[in-house]
Amino acid sequence: MADVPSDAPEHCPGTSSDQAGKSSACQGCPNQNICASGAAKAPDPAIEEIRQKLTTVKHKILVLSGKGGVGKSTFSAHLSHALASDDSKEVALLDVDICGPSIPKIMGIEGEQVHQSGSGWSPVYVEDNLAVMSIGFLLSSPDDAVIWRGPKKNGMIKQFLRDVDWGEVDYLIVDTPPGTSDEHLSIVQYLSGAGIDGAVIITTPQEVSLQDVRKEIRFCQKVKIPIIGVIENMSGFVCPKCKNTSQIFPPTTGGAQRMCEELNLPLLGSVPLDPRIGRSCDEGKSFLTEVPDSPAAVAYQNIVQKIRDYCSSHTTSDHPF
Amino acid sequence: MDSSEKSNLHQVKHVVLVLSGKGGVGKSTITTELALALKHAGKKVGILDVDLCGPSIPRMLSVGKPEVHQCDAGWVPVYADPQQQLAIMSIGFLLEDSDEAVIWRGPKKTALIGQFVSDVAWGELDVLLVDTPPGTSDEHLAVLENLRKHRVDGAVLVTTPQAVSTGDVRREITFCKKTAVKILGIVENMSGFVCPHCSECSNIFSKGGGEELAKLTGSVFLGSVPLDPLLTASLEEGQDFLQAFPDSSTYTAISQIANTLLSSLDA
Ligand SMILES: Nc1ncnc2c1ncn2[C@@H]1O[C@H](COP(=O)(O)OP(=O)(O)OP(=O)(O)O)[C@@H](O)[C@H]1O
Ligand SMILES: Nc1ncnc2c1ncn2[C@@H]1O[C@H](COP(=O)(O)OP(=O)(O)OP(=O)(O)O)[C@@H](O)[C@H]1O
Ligand code: SF4
Ligand SMILES: [Mg+2]
Ligand SMILES: [Mg+2]
Ligand SMILES: [Zn+2]
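Put into structure tokens, the structure is as follows:
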């Protein structure tokens, strides 16, 4: 789906979109007849290729939020670290935030490059059992902007799934940008053959965030992705000096807890604000090993255990294709 | 072809984009507070909210989900105040159910933004602020393509102090350069939190990153806004923070940023 041939004009809606061959951009495009006939709209063969490629990947988890900056990337990174702390597990982290990739920095591998191997691109390894892929590895400098419209982003995501040599993997964690648009539709569609175990939804306590997160939950329901649960991040800050708690992002409508009750979703846990989390991310270190005894690290570990339990009671092969 | 007489934007003096490569850094917050500050300075202000998947402006200005009416010139914006000094147009107004997800791919977003920009009857405005989603993609390109025909004065870039955020904003600066959008300045938001119990300042999201980024890239630094729970609370309720807390340091910071911006527009 949503492919843009190299000879298509800039505004190509994608060969498998509803407007293929019919949009104003299609006027004069060499592919217009094929596209208008609907022939290009058949299910993308990549979906089956990806299913085959990912038969070696046991569990696939999406990290989602309708809202920006709530801690999706931070959680994705720490979930990966925590899962990989068990040497017997192989973990892969895929960053599909094409315009704002944060994973290379948070994982401490900024500036690394991917290598071409016989069977595709090889990801960047943080540990022997922790592989990472991000568009950040394909950019030549920290100033490089990825000014791409949707269809081109979709092509990149397809490549990440089909052409990366992931190998045997127990958990594939996918970090996403905020919203419900191209990246989200693409990852869901391309993984529709391979199957997704479920999504973890991140929010912060205030309504400005929850109102967007409710939309993301609707999205999951529409595309039929099970929701593993919701995490409330940045809930409360304990002053290091006087030990009083401040609700910097106040749960004016009852926070994630009330939303979960209303929508009948599990609340996986709450993570407080801790300046050391931001610092660890900036330094590319795992907060879980930097400050293992902090309340935030303990909260993370409890959440990760719930996700492990969810996955072990649920195998991807439950999804027949 | 729009003759400039017919264009709905011909009485709009200045157009300012609020951008950030990073999500959740306070683009909508800064847009809202700048609009209120300019309004208090006696200006007529408009906000165009092009965050189609996560519109925040209706809540932050407490206009809820009013019906949008049509007139001969196009859609009539919604006014946040009885004096009609602050006009708003947001995708949020057009959604049937506010929990509904807008699951649209780029081309559809591009088409709607095209309409948005040309079909709103803004009337006379001193400044039109455009609140955007994070990134450098369809919405941003569409807004630029369409506003360009009229005018774009430049962009205010918002970042939080951490490297994870300034790293993304560096890419946004490149976007501005490549698309020839003038950078009016950088705002560092959520910079330092003063404990209301003991006055200790904690740099929860670090400090100084926005100012450093401005230096590094030779951009104007517009100022920093502290992390202030009263600001979050005001935005939650859609209250005018500037009117409610004129003695706060957050008020001073926002007013200074608004003044600097205004003088750079009038210069
Ligand atoms: N609990 C926390 N305490 C303190 N800082 C945090 C916490 N969680 C995340 N952060 C910091 O907040 C910032 C935003 O987090 P992050 O980048 O993970 O959000 P995101 O949802 O991925 O954002 P985007 O929408 O831009 O992708 C980062 O600098 C991160 O280090
Ligand atoms: N200086 C501040 N002090 C306290 N809270 C703030 C501050 N700036 C923003 N906030 C709060 O942080 C949250 C995120 O801000 P906002 O929604 O404006 O970010 P955004 O960049 O528009 O996010 P998105 O990328 O999702 O559009 C909001 O709840 C807002 O009220
Ligand atoms: S005809 Fe339209 S959809 Fe098909 S390739 Fe050309 S621009 Fe894209
Ligand atoms: Mg992120
Ligand atoms: Mg916003
Ligand atoms: Zn204190």
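Chains A and B supply the protein sequences, listed in that same order.
Okay, so the first sequence: first residue is 1 according to the UniProt record's numbering, each after it adds one.
Okay, so the second sequence: first residue is 1 according to the UniProt record's numbering, each after it adds one.
From the three backbone atoms N, C-alpha and C, an ideal C-beta is built for every residue, glycine too.
query	result
Below-9 Å beta-carbon distance, B/P196 vs any chain A residue	yes
Among B/K22, B/N203, B/N8, B/K108, nearest to A/S23 - alpha-carbon criterion	B/K108
Cβ of A/V291 within 9 Å of any chain B Cβ	no
Short CB-CB distance (under 9 Å) between B/A163 and chain A	yes
Contained alpha helix (DSSP H) runs [length at least 4] in the UniProt region "Disordered" (1 to 23) of chain A, N- to C-terminal order	none
Any alpha helix (DSSP H) of 4 or more consecutive residues that is wholly inside the stretch 109 to 197 of chain B	138 to 148, 163 to 178
Whole-Å CB distance - B/V187 paired with B/V158, under 8 Å assumed	5 Å
8 Å CB neighbourhood of B/L184 in its chain, flanking five on each side removed	V16, D153, G154, A155, V156, V220, L222, L261, S264, L265
9 Å Cβ cutoff, A/V271 in contact with chain B	no
Alpha-carbon spacing of A/G229 relative to A/L265, whole angstroms	6 Å
Chain A contacts from the stretch 126 to 155 of chain B (Cβ-Cβ distance under 7 Å)	P133, P134, G135, T136, S137, D138, L141
Bridge partners - A/M133, DSSP secondary structure assignment	A/L94
Any C-beta of chain B under 9 Å from that of A/E207	yes
Distance, B/G46 Cα to B/H10 Cα	14 Å
9 Å Cβ cutoff met for B/G238 and B/V63	yes
A/C242 beta carbon near ligand 6 (any heavy atom closer than 8 Å)	yes
Bridge partners - A/H59, DSSP secondary structure assignment	A/Y171
Spatially closest choice to A/D128 from A/S85, A/G155, A/D143, A/S141, by CA coordinates	A/S85
Test: A/H319 CB closer than 9 Å to a CB of chain B	Confidence in A/H319 is poor, its pLDDT being 47 and thus under 50, which makes the residue's placement unreliable; the coordinate value appears in the next sentence. Cβ-Cβ to chain B under 9 Å: no for A/H319.
Neighbour list for A/D143 in chain B, Cβ cutoff strictly below 8 Å	R170, R171, I173, T174
Contacts around B/L94, its chain only, beta-carbon distance under 7 Å, and the 5 residues preceding and following it disregarded	V68
B/H40 versus B/L52: straight-line alpha-carbon distance, rounded	28 Å
Any non-hydrogen atom of ligand 6 closer than 8 Å to B/H140 Cβ	no
Integer Cβ distance of residue 344 of chain A from A/A92, believed to fall under 8 Å	For residue 344 of chain A there is no data in the structure shown, the boundaries of chain A being 1 and 321.
Contacting residues, own chain, Cβ-Cβ under 8 Å from B/P196 (five flanking each side not counted)	P229
Minimum C-alpha distance to B/I103 - residue among A/C29, A/S186, A/K60	A/S186
Buried/exposed call for B/A37, threshold 16 Cβ in 10 Å	buried
Closer than 8 Å at the beta carbon, the chain B residues around A/D282	Q162, A163, V164, S206
Interface flag, A/K158 vs chain B, CB-CB below 9 Å	no
Chain-ordered neighbours of residue 268 of chain B on chain A, where CB pairs are closer than 8 Å	Residue 268 of chain B lies beyond the stretch modelled for chain B, which goes from 1 to 267, so this question has no answer here.
Between the CA atoms of A/I217 and A/P250 - distance to the nearest angstrom	21 Å
Heavy atom of ligand 3 within 8 Å of A/N154 beta-carbon	no
The stretch 12 to 32 of chain B contacting the stretch 125 to 144 of chain B, beta-carbon criterion three pairs below 8 Å	yes
For A/S37, three-class secondary structure by DSSP	helix
Through-space distance from A/C29 to B/M1, alpha-carbon basis	Note that B/M1 has pLDDT 44, beneath the 50 cutoff, so the model's placement of it is unreliable and the number below is only indicative. Cα to Cα, B/M1 sits roughly 23 Å from A/C29.
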